[in-house]
Every structure is written in structure tokens, then in C-alpha cells.
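**Q** Have a look at the structure that comes next, please.
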Amino acid sequence: MQTILSDLKHEPAKAIEIEAAIADIEDQLMPIIKDLPERRCLVTSEQTFWKIAKVAGRNSED
Numbered sequence: 169m170q171t172i173l174s175d176l177k178h179e180p181a182k183a184i185e186i187e188a189a190i191a192d193i194e195d196q197l198m199p200i201i202k203d204l205p206e207r208r209c210l211v212t213s214e215q216t217f218w219k220i221a222k223v224a225g226r227n228s229e230d
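Following our numbering, the numbering of the sequence shown begins with 169 at its first residue and continues without gaps.
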């Protein structure tokens, strides 16, 4: 999580920062994704993830 947050230096986040955060998330998920059921859905109540999504959403309007 700290790695992802360290990618987001601006608010709203810049496109390159969002891309770096996505790459970090993919790097963390890919090793375990094969162990998930075929119909998978990633769910979280972690507030930090919602903050990241909110910041990323604001940037998508640029």
C-alpha cells in the first residue's frame, strides 16, 4: 500500500502517477490471481484504496 501511495504525489494525481500506481497493483495481484476462483471480484473496505480511486477519478476528467 505504501508503494502505491508513494506513486501519487499530486492531487489530483497526474496520469503518469496513476499509471505507476496501477503497475504496482498489477505487480502485487498477478502472483496470486491464478489462485482466485474463475469468476473473481476484488473487494475492499480499505479507506486508502477509496481515496486512491477518488483522486484517480478526478484526474480522468482532464
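All residues carry an ideal CB built from backbone N, CA and C; glycine is no exception.
Keep in mind that this is a model prediction, so the values were computed, not measured.
With DSSP as the reference, label L204 as helix, strand or coil.
**A** coil
**Q** State the CB to CB distance for the pair I172 and D192, rounded to an integer number of angstroms; the pair is presumed to be in contact (CB under 8 Å).
**A** 5 Å
**Q** Quick one, are the C-beta atoms of E185 and L176 less than 7 Å apart?
**A** yes
**Q** Could you have a look at P180 and say whether DSSP puts it in helix, strand or coil?
**A** coil
**Q** Which of the three DSSP states, helix, strand or coil, is assigned to T212?
**A** coil
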